[in-house]
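Note sheet for the following structure.
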Amino acid sequence: MAKRRQRRTNMKKYTKLWICLLAFGMLSLGSCSDFFEPDQDMVLEKKDHWDTHEKVRRGLIGAYSELQDVVEEMIVLGGVRADLLTVTENFDADLKELNEHNIGRNNSYVDPRPFYDVITNCNELIANVDKALVDPKFSEELRDAYKAEAIVLRAWTYFQLAQTFKTVPVITDPLGGIDGEYEPDMLNLKQMVNWLTEEVIKVADAPKLVWGEDISDQVWDRVFVNRNALLGELHLVAGNYQNAADHFYSAIITDGGGKDDSSFKCNKDETGGSWSSFWFVAGSGSAYLEQVTVIPFSAFRRQTNEIATLFSSVRSGKYLLKPSENAIENWTTEVDTPRDPRGLFGSYGVIDKRKQVTKYSSSTDDVFSIYRAADLHLLYAEAINRAGNPDEALDVINDKLRDSPKSNGIRGRVGLPKIDLLQYAGMEDTPQNLDKLEEVERLLLEERARELAFEGRRWNTLVRFATRSTDPSILADRIAIKFEKADLPAEGIRTKLSDPENWRIEFNMNFLKNN
């Protein structure tokens, strides 16, 4: 955590702006390893910051570069508080607080500053991008494209905060901080979702940026936050299920190049037989087809991805977190099925006689996926099920997405048999008593655990399902069982998490005031 703190941008209103620049040689990108190259010696006067296309481009890249500092928080907050990850004997005090849901105000993993560094950079670009119109190379169409990307990135960032905290301060001023008597509006999740949906819809049809034509530049298509995916999530949380399904479908089909293109389709033939190759090196092979939005890293540029150190006991690993017994049983309890490749030797393994998360390689150049194809398929299934189409949702889980010839479904892609809903529900010949929607909902929660374990998504998934069903036990029981299986006291956890008021964290404004 100390390394991350060193990179933070001060949010107060300076007369000079230190920005994270990329040495890209004007508008062409060299290679995937050239992401987010910082030049710490360059200082730009504010009056000169936005007067050319190149400076606007660098400003947007600077905003995206700040995402590298949010990854660890996303993995930890989305995993440790839920049912699939737990702490090892090497835990520190902050991780112990999260695991036991007794979170102190100064816990380093609930520090919002990395997220506000992204927001501040976006605010600056949104407020100043018009100044670049003095550059003959900078058109109004480009202005609209850059502004849209900044608005969407800011919206995604605020959405992450709103899912974590009870209320979140909204800052839209360029270089805005919280000091003096300034009191920003504080929005809860519902209010935030309403505002963000309006913001993203306004720019949803704006031109998209295209940088470079060579294969090494394709990864830029995967860096910008996918607009349809974000709108789908916002509508899903708001309960607008058909709208959510439409946006997820557009993200998969339209943004994935059409029905006959393998991109984003969960296509079995394109994986090379290796499920675990989907999220490592961006811009190549099956990983490129799976990744929808990623955060890239570059060890060469001293921007290392150290996710694996949280889970590994070898080399420089800290081995702070490990799979819970809940997680392992998700892959091993299905009867009469082949071994799930997403479990042992996929998402976890046994190293040094200890169970360890192996989903992330030891390479410090690996990308981190914000959105990937399987997640979009499962989100689509979740939305279309709640929109009243459980049969279609079950198809997505099993082996197909509507009429897309390239989609093999979530289970079909990894060679697992289709699930028969009657057998899954423990019923034989009484389909008239089967509540398909609720059974598919339960199945989706399990399938998300198998496919997306340890990727930082689980806590928000549990909250979303429990909120929608008005059944806190969906969340509370699963997390209590994590403690029971570890022979630890569980009833206090179950009681606390049975109250939805305890699902989100109080926002500590001192983090933003004490920069």
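Numbering-wise, my numbering puts 487 at position 436 of the sequence shown, and it's gapless, one number per residue. Note that the Cβ used here is the ideal one computed from N, Cα and C, for glycine as well.
Within the same chain, Cβ atoms closer than 8 Å to the Cβ of residue 129 are found at 506, 507, 508, 509, 510 and 511, the five residues on either side in sequence being excluded. The DSSP assignment places 94 to 96 and 136 to 138 as complete runs of the beta strand (DSSP E) inside the segment 91 to 146, in order along the chain (cut-off: 3 residues). Within its own chain, the residues whose Cβ lies closer than 7 Å to the Cβ of residue 300, once the five positions on either side in sequence are excluded, are 431, listed in chain order. Ranked by Cα distance from residue 260, the first of 200, 519 and 103 is 200.
For residue 420, DSSP records a beta bridge to 345. When DSSP states are grouped into helix, strand and coil, residue 405 belongs to the strand group. In this structure the segment 233 to 248 lies against the segment 286 to 303, because at least three pairs of beta carbons, one per stretch, are closer than 8 Å. With the rule of 3 Cβ pairs closer than 8 Å, the segment 207 to 214 does not count as touching the segment 137 to 150. Here residue 395 is bridged, per DSSP, to 399. If you ignore the 5 residues before and after residue 423, its C-beta comes within less than 6 Å of the C-beta of 341, 342 and 343, all in its own chain and listed in chain order.
In this structure, the straight-line span from the alpha carbon of residue 133 to that of residue 181 is close to 44 Å.
Exposure of residue 233 is indicated by the presence of fewer than 16 other C-beta atoms within 10 angstroms of its C-beta.
Approximately 11 Å separates the beta-carbon atoms of residue 446 and residue 462; this is outside 8 Å, ruling out the contact.
Residue 374 carries a strand assignment under DSSP once its states are collapsed to helix, strand and coil.
Residue 556 is bridged by DSSP to 216. Between residue 408 and residue 362 a beta carbon distance of about 4 Å is seen, short of the 8 Å cut, so the two are scored as contacting. The count of Cβ pairs closer than 8 Å, one atom from the segment 159 to 168 and one from the segment 111 to 123, reaches three, so the stretches are in contact. If you look at residue 539, you'll find it isn't in any alpha helix (DSSP H); DSSP assigns it neither H nor E. Secondary structure within the segment 154 to 217: the alpha helix (DSSP H) runs of 4 or more consecutive residues, fully enclosed, are 164 to 179 and 191 to 215 (chain order). Proximity of the segment 107 to 116 to the segment 487 to 497 falls short of the contact definition, fewer than three beta-carbon pairs being nearer than 8 Å.
Less than 9 Å separates the beta-carbon of residue 278 from that of residue 255.
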